[in-house]
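Chemist: Dropping the structure in here first, questions after.
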Amino acid sequence: MCLGLLTPPQEASAEPVASRSPAATPGLQRPSRQEASVEAAPKVPKVEGPAELAGISEARAAKTVRELVALGPRMGGTRSGAAAAKYLEGRFAAMGLGTTRHLGREQWCHQELEWEVTVRIEGEDPYRLQRAWPWGFSPGGEGLSVPLSVGDARSEPGSDRALLTDSYMGVRRKGTPSNVVLVDNANTIDGEWPVCRSLRRRGTQAPAFGISSEEGARIRAAVEDGKEVFLDWSLETEIRQAQPVTVVATLPAAKGAAAGHFLVCAHGDSDSGGPGANDNASGVAIVLEIAAAWSAAIAAGTLEPPPREVRFAVWGSEIASTRAYLESELGEGVLGVMNFDQAGYGSTGQRLHVEPDDLGANAAFIDVAAGVLRKHAGKAGFPERWATNKSLGGTDSYVFSGSRRFRDERLPAVTLYTSAWGQPDEHPATPGMPGESWSERDRVAIDYDRFYHSAGDTPENTTDKEPENMGWCARVGLLATLDYLGSLEAGRSSK
Numbered sequence: 001m002c003l004g005l006l007t008p009p010q011e012a013s014a015e016p017v018a019s020r021s022p023a024a025t026p027g028l029q030r031p032s033r034q035e036a037s038v039e040a041a042p043k044v045p046k047v048e049g050p051a052e053l054a055g056i057s058e059a060r061a062a063k064t065v066r067e068l069v070a071l072g073p074r075m076g077g078t079r080s081g082a083a084a085a086k087y088l089e090g091r092f093a094a095m096g097l098g099t100t101r102h103l104g105r106e107q108w109c110h111q112e113l114e115w116e117v118t119v120r121i122e123g124e125d126p127y128r129l130q131r132a133w134p135w136g137f138s139p140g141g142e143g144l145s146v147p148l149s150v151g152d153a154r155s156e157p158g159s160d161r162a163l164l165t166d167s168y169m170g171v172r173r174k175g176t177p178s179n180v181v182l183v184d185n186a187n188t189i190d191g192e193w194p195v196c197r198s199l200r201r202r203g204t205q206a207p208a209f210g211i212s213s214e215e216g217a218r219i220r221a222a223v224e225d226g227k228e229v230f231l232d233w234s235l236e237t238e239i240r241q242a243q244p245v246t247v248v249a250t251l252p253a254a255k256g257a258a259a260g261h262f263l264v265c266a267h268g269d270s271d272s273g274g275p276g277a278n279d280n281a282s283g284v285a286i287v288l289e290i291a292a293a294w295s296a297a298i299a300a301g302t303l304e305p306p307p308r309e310v311r312f313a314v315w316g317s318e319i320a321s322t323r324a325y326l327e328s329e330l331g332e333g334v335l336g337v338m339n340f341d342q343a344g345y346g347s348t349g350q351r352l353h354v355e356p357d358d359l360g361a362n363a364a365f366i367d368v369a370a371g372v373l374r375k376h377a378g379k380a381g382f383p384e385r386w387a388t389n390k391s392l393g394g395t396d397s398y399v400f401s402g403s404r405r406f407r408d409e410r411l412p413a414v415t416l417y418t419s420a421w422g423q424p425d426e427h428p429a430t431p432g433m434p435g436e437s438w439s440e441r442d443r444v445a446i447d448y449d450r451f452y453h454s455a456g457d458t459p460e461n462t463t464d465k466e467p468e469n470m471g472w473c474a475r476v477g478l479l480a481t482l483d484y485l486g487s488l489e490a491g492r493s494s495k
């Protein structure tokens, strides 16, 4: 989910809506650039429900997340983004599904390849900052025995000194960049992990690294004690203009089916430039699980081909690639959208969310999804608790629901997820909609991910701990889409 990039559409009856847009292995300083291999599927646990659910594997979904994260942040246009596209094509091909590449508009992109920051405090042994994470668009370089100063956001100690600050917005206009900058107060809610941020792409900037609050406190204490502090640092990075690659796989419709396609999607980039396990390798893993289970059931003869074509899209760049698809020939004839974002972990609650329920165009799909959740609540492979909630924005489904055609034709575009953003929140329940399944409140609590957009968004911290979240979303998503497409066909037949 992408904070502050997209405001959801509003209907006359809707309230004003808000916009939302590594425990990693210590020393995760050099993201792996190897290509992930596709191995035999793990054993699938027995799940209560229709036969088509048998092909959904939580263990395989968790493995998919680990393989994607091993490729790098997968930002659109970068080398790890290209590697992820190739990986996806291989996975879909193994299912017997044809794929198409859709290139988005050329954009500036960045990938931080290797880095290391070592602190040398007078009278102490040197040590490496294990949780340091470079800010996007930081220039590459290196420095040895660079003296460090502590200052505020406006401090510019000069090109021969390092700066430790609690707030940073980049070099001021006509300012002189420091040799390197450490920022220790742009962190997760608990202060343990630096949030992944980006520098402006104008003027000359200093390389910047986010560090944890604890790492910053140790350096500050040394400076306050009058000790000299020096940094050794290095950063290898790529900054370039390139086109994000979106991979679209197609599940053909039954013979004689009406035109149009239903879209099952997730953004494939980490969005923030971090590891991106929960946000959003989890969503990609769910899309792959639905595609695998659905295509396998058709091949086995336990399920008929769908009454409409179904496409599985993994966006090269969140929001931007989605918009490019919608405006292209490929995007013509979209009948509805089911999107997955931050769907593999939640910090406080074990539940599944369906959003948004305050757009009239989504009412029929929300009703179908709620029916699936009620029928299977608490059964093996399904969540006991679930909720529908109002428009919060900041994810790919809103690109569609905000478009003229979706508004005019009242087409559904929903997102399924298990956490949103980096801190807990709650919102008014939408009148007449399910809201919280476990209460009669007029509010809906939204679970959060304490590793959101941070260096801590790794499989070890998130999806490896709660792989069942991806299983829930895949099963509910598959059954809801089957039922919804069935209702479209029933409506067509009755005319």
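Heads up: the sequence shown begins at 1 in the working numbering, then just goes up one per residue.
The C-beta atom is built at its ideal place from N, Cα and C for all residues, glycine as well.
Have a look at residue 151 and residue 234 and give me their C-alpha separation to the nearest angstrom.
Modeler: Cα to Cα, residue 151 sits roughly 22 Å from residue 234.
Chemist: Within this structure, are the beta carbons of residue 449 and residue 350 separated by less than 7 Å?
Modeler: No, the pair does not count as a contact, with Cβ atoms beyond the cut-off.
Chemist: Output yes or no for whether 7 Å exceeds the beta carbon distance between residue 229 and residue 89.
Modeler: Not closer than 7 Å, so no.
Chemist: Go ahead and label residue 439 buried or exposed: buried means 16 or more other beta carbons lie within 10 angstroms of its beta carbon, across all protein chains shown.
Modeler: Its Cβ having fewer than 16 others within 10 Å, residue 439 is exposed.
Chemist: Out of 484, 116, 306 and 70, which has the shortest C-alpha to C-alpha gap to residue 363?
Modeler: Comparing Cα-Cα distances from residue 363 to each of 484, 116, 306 and 70, the minimum goes to 484.
Chemist: What's the gap between the Cα of residue 347 and the Cα of residue 340?
Modeler: Taking the straight line from one Cα to the other gives about 18 Å.
Chemist: Using only CA atoms, which one of 451, 100, 420 and 388 lies nearest to residue 497?
Modeler: An answer regarding residue 497 cannot be provided, because it is not within the stretch 1 to 495 covered by the chain.
Chemist: How do the segment 98-105 and the segment 311-331 stand: do at least 3 beta-carbon pairs fall below 8 Å, yes or no?
Modeler: Output reads yes: the segment 311-331 touches the segment 98-105.
Chemist: Are the beta-carbon atoms of residue 312 and residue 292 separated by less than 7 Å?
Modeler: For residue 312 and residue 292, no; Cβs fall outside 7 Å.
Chemist: So, for residue 490: in the same chain, excluding its five sequence neighbours on each side, which residues have a beta-carbon less than 7 Å away from its beta-carbon?
Modeler: Excluding residues within five positions, none has a Cβ falling inside 7 Å.
Chemist: Residue 223 lies in the alpha helix (DSSP H); which residues open and close that run?
Modeler: Where residue 223 is concerned, the enclosing alpha helix (DSSP H) stretches over 213-224.
Chemist: Is it buried or exposed, residue 445, if we count other Cβ atoms within 10 angstroms and call 16 or more buried?
Modeler: Buried is the call here.
Chemist: Is DSSP giving residue 485 helix, strand or coil here?
Modeler: Correct three-state label for residue 485: helix.
Chemist: Taking all protein chains shown into account, do 16 or more other C-beta atoms lie within 10 angstroms of the C-beta of residue 344, making it buried, or fewer, making it exposed?
Modeler: Flag for residue 344 reads buried.
Chemist: Which runs of the beta strand (DSSP E), 3 residues or longer, sit entirely within the segment 127-160?
Modeler: Counting only runs of 3 or more, we get 141-150.
Chemist: Does any heavy atom of the ligand GDP sit closer than 6 Å to the C-beta of residue 425?
Modeler: Absence of the ligand GDP is noted for the structure shown, with no ligands found whatsoever.
Chemist: Is there contact between the segment 138-158 and the segment 266-280, where contact requires at least three CB pairs shorter than 8 Å?
Modeler: The segment 138-158, when compared against the segment 266-280, does not touch it at the 8 Å Cβ threshold.
Chemist: For residue 319, report the span of its beta strand (DSSP E) as first-last.
Modeler: Element bounds for residue 319: n/a, residue is neither H nor E.
Chemist: Would you report the Cα separation of residue 54 and residue 70, rounded to the nearest angstrom?
Modeler: Taking the straight line joining both Cα atoms gives about 28 Å.
Chemist: Can you look up residue 210 in the DSSP assignment and give me helix, strand or coil?
Modeler: Reduced to three states, the DSSP call for residue 210 is strand.
Chemist: Restricting to Cα atoms, I'd like to know which of 423, 472, 471 and 436 is closest to residue 189.
Modeler: Checking every option, the nearest Cα to that of residue 189 belongs to 423.
Chemist: Do you know whose CA, among 390, 277 and 376, lies nearest residue 353's CA?
Modeler: That would be 390, whose Cα lies nearest to the Cα of residue 353.
Chemist: Assuming residue 97 and residue 251 are in contact, meaning their beta carbons sit under 8 Å apart, how far apart are those beta carbons, in whole angstroms?
Modeler: Right, their Cβ atoms sit about 6 Å apart.
Chemist: To the nearest angstrom, how far is it from the Cα of residue 264 to the Cα of residue 294?
Modeler: If you take the alpha carbons of residue 264 and residue 294, they lie about 12 Å apart.
Chemist: Is residue 119 helix, strand or coil by DSSP?
Modeler: Here residue 119 sits in strand by DSSP.
Chemist: Would you please verify whether the beta carbon of residue 479 is less than 7 Å from any beta carbon of chain C?
Modeler: This model lacks chain C altogether; it includes just one protein chain.
Chemist: With three or more C-beta pairs closer than 8 Å as the rule, is the segment 358-377 touching the segment 404-414?
Modeler: Cβ pair count under 8 Å is three or more, so yes.
Chemist: Please state the DSSP three-state secondary structure of residue 446.
Modeler: If DSSP states are grouped into helix, strand and coil, residue 446 belongs with the strands.
Chemist: Closer than 7 Å by C-beta to residue 426: which residues in its own chain qualify, once you throw out the five before and the five after it? Chain order, please.
Modeler: These residues qualify, in order along the chain: 443, 444, 445 and 446.
Chemist: By the DSSP assignment, the alpha helix (DSSP H) with residue 105 in it spans what residues?
Modeler: No alpha helix (DSSP H) holds residue 105; DSSP gives it neither H nor E.
Chemist: Return the bridge partner residues of residue 230 from the DSSP annotation.
Modeler: In the DSSP output, where bridge partners are listed per residue, residue 230 has 120 and 147.
Chemist: Does the beta-carbon of residue 378 have 16 or more other beta-carbons within 10 angstroms, so that it is buried, or is it exposed?
Modeler: Burial call: exposed.
Chemist: Excluding five sequence neighbours on each side, which residues of the same chain lie with their C-beta closer than 6 Å to the C-beta of residue 145?
Modeler: Around residue 145: 230.
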